[in-house]
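Enquirer: Using this note's numbering, the letters of the sequence shown correspond one by one to residues 446 to 699. Attaching a single structure in structure tokens format; questions to follow.
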Amino acid sequence: MLSELLAQHSGLARRTAQRWISRWISENQIVASGAGRARRYQSVRSATVEIAISEPDRFAPQIPLSADSRDILAYIDQPLSARKPVGYQRDFLADYQPNKSWYLSSPLRRQLHKIGKTAQADTAAGTHSRAILGLYEMTRVELLRDLYLWAYERSSQEYLTIKQDLAEPDPSRLAYRDLIKQTIRAVVQQPGADALGLIEQAVAQRVEPAERANLHALLVEELRRLHEGVLARYGLRPSELALWKAAQSSSRVR
446 MLSELLAQHS GLARRTAQRW ISRWISENQI VASGAGRARR YQSVRSATVE
496 IAISEPDRFA PQIPLSADSR DILAYIDQPL SARKPVGYQR DFLADYQPNK
546 SWYLSSPLRR QLHKIGKTAQ ADTAAGTHSR AILGLYEMTR VELLRDLYLW
596 AYERSSQEYL TIKQDLAEPD PSRLAYRDLI KQTIRAVVQQ PGADALGLIE
646 QAVAQRVEPA ERANLHALLV EELRRLHEGV LARYGLRPSE LALWKAAQSS
696 SRVR
């Protein structure tokens with residue numbers, strides 16, 4: 446079976462083929478019998494062995510490529526024996542100076558900056574590695590550029606789709622965000638005081654009458670949902686929250 450694998454896949458390393466066979470045996474996909482040259486493998490489901498090889502690594506076909514990128518990909522997709530061995534190319538890296546020199550053109554950098562950040566994409570295995578090989582073996586950035594440009598555009602489209610599904614922010618929360626933060630902090634830092642009284646006092650002093658009921662309810666809800674993960678938003682410490690919760694619990698008991 447090992448010889449069959451190596452014959453069918455010329456670029457397959459012998460150790461990789463041996464690992465595949467071991468995995469198939471451990472997963473009970475095949476059973477082995479005999480030893481040495483007489484060793485035979487049989488499928489658990491049938492009398493013959495069907496050699497199932499996973500799809501080889503490849504560059505994602507859905508990514509549009511320039512002529513330069515296709516040229517890089519054609520070279521990278523050749524067997525290792527057909528490619529020129531390369532070592533560490535110090536000059537290629539040494540010529541780069543942060544914030545002074547760039548591998549990408551100025552118009553492309555502006556375009557990428559405008560589009561936004563990349564997102565995880567369902568690209569074929571080997572997509573990114575081939576782009577890196579083009580950079581490492583040929584010191585050419587075109588394939589990596591096309592990959593990043595496609596990913597940025599995809600991320601932008603996903604963002605616009607998600608944005609359409611988001612609810613509009615609460616205007617009161619935006620207009621009174623400083624008051625909300627200050628009031629929540631004042632309530633928690635005074636565990637012995639009447640929380641509702643402090644809220645009513647803050648709302649009466651700084652909120653228009655028409656907005657008071659809505660903001661009062663918003664502050665009560667913020668207190669109800671208060672947890673350690675949001676304390677930094679209010680400038681509070683976990684110990685202060687623990688004391689306030691303890692005080693609230695004891696007051697309810699009384």
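Here a beta-carbon is modelled for each residue, glycine too, at the ideal position from N, C-alpha and C.
1. Express the C-alpha separation of A638 and A692 in angstroms, rounding to a whole number.
2. Output needed for H661: all residues of its chain with C-beta closer than 8 Å, excluding positions within five of it in sequence on either side, in chain order.
3. Note down, in chain order, each residue of its chain lying with its Cβ closer than 6 Å to the Cβ of W465, except the 5 sequence neighbours on either side.
4. Using the three-state DSSP reduction, which class does E495 fall into: helix, strand or coil?
5. How big is the Cα-Cα spacing for R555 and S546?
6. By a C-beta neighbour count over all protein chains shown, 10 Å radius and 16 as the cutoff for buried, is V675 buried or exposed?
7. Could you tell me how far apart the beta carbons of R618 and L663 are, in whole angstroms, since I believe they sit closer than 8 Å?
8. Of the residues I625, S551, I521, E598, which one's Cα is nearest the Cα of R657?
9. Quick one: grab the DSSP three-state call for A477.
10. Starting from Q646, follow the alpha helix (DSSP H) in both directions and report where the run begins and ends.
11. Report yes if the C-beta distance between R434 and E582 is below 8 Å; otherwise report no.
12. Under three-state DSSP, which class holds G532?
13. Got a sec, what are the start and stop residues for the alpha helix (DSSP H) P616 sits in?
14. Find the nearest neighbour of A687 within the set I508, Q634, A640, R585, judged by alpha-carbon distance.
15. Classify I625 as helix, strand or coil using the three-state DSSP reduction.
16. Which first and last residues belong to the alpha helix (DSSP H) in which S546 is found?
17. Can you grab the Cα-Cα spacing for the pair Q627 / E598, in whole Å?
Expert: The short version:
1. Walking along the sequence shown from the start, residue 692 turns up at place 247. Walking along the sequence shown from the start, residue 638 turns up at place 193. Near 9 Å, if we compare the C-alpha coordinates of A638 and A692.
2. In the sequence shown, the residue the question calls residue 661 occupies position 216. Contacts found: I644, E645, V648.
3. For the purposes of this step, residue 465 is identified with residue 20 of the sequence shown, where counting begins at 1. None.
4. Start at 1 with the first residue of the sequence shown, and residue 495 comes out as number 50. Caution is warranted here: a pLDDT of 42 is assigned to E495, below 50, making its placement in the model unreliable, and no coordinate value can be reported.
5. What you label residue 555 is simply residue 110 of the sequence shown in a count that begins at 1. What you label residue 546 is simply residue 101 of the sequence shown in a count that begins at 1. Answer to the nearest angstrom: the Cα atoms are 15 Å apart.
6. The count along the sequence shown starts at 1 and reaches residue 675 at position 230. Burial call: exposed.
7. Here residue 618 is taken as the residue at index 173 of the sequence shown, counted from 1. Here residue 663 is taken as the residue at index 218 of the sequence shown, counted from 1. Contact holds; Cβ gap of about 6 Å.
8. Indexing the sequence shown from 1 puts residue 657 at position 212. Nearest C-alpha to R657: I625.
9. Here residue 477 corresponds to residue number 32 of the sequence shown, with the count starting at 1. Three-state DSSP puts A477 in a strand.
10. Taking the first residue of the sequence shown as 1, we reach residue 646 at position 201. First-last of the alpha helix (DSSP H) with Q646: 640–651.
11. There is simply no residue 434 to check, as the chain begins at 446 and stops at 699 in what is shown.
12. Locating residue 532 in the sequence shown gives position 87, counting from the first residue. In the three-state DSSP reduction, G532 falls in the coil class, being neither helix nor strand.
13. Within the sequence shown, residue 616 is the residue found at index 171, counting from 1. Start and end: 616–620.
14. Position 242 of the sequence shown holds residue 687. If we check each option's Cα against that of A687, Q634 comes out closest.
15. Along the sequence shown, one-based indexing puts residue 625 at 180. Three-state result, I625: helix.
16. If you number the sequence shown from 1, residue 546 lands on position 101. Looking at the DSSP string, S546 is not in any alpha helix (DSSP H), and its letter there is neither H nor E.
17. The sequence position of residue 627 within the sequence shown is 182, counting from 1. The sequence position of residue 598 within the sequence shown is 153, counting from 1. Q627 and E598: Cα-Cα distance of roughly 41 Å.
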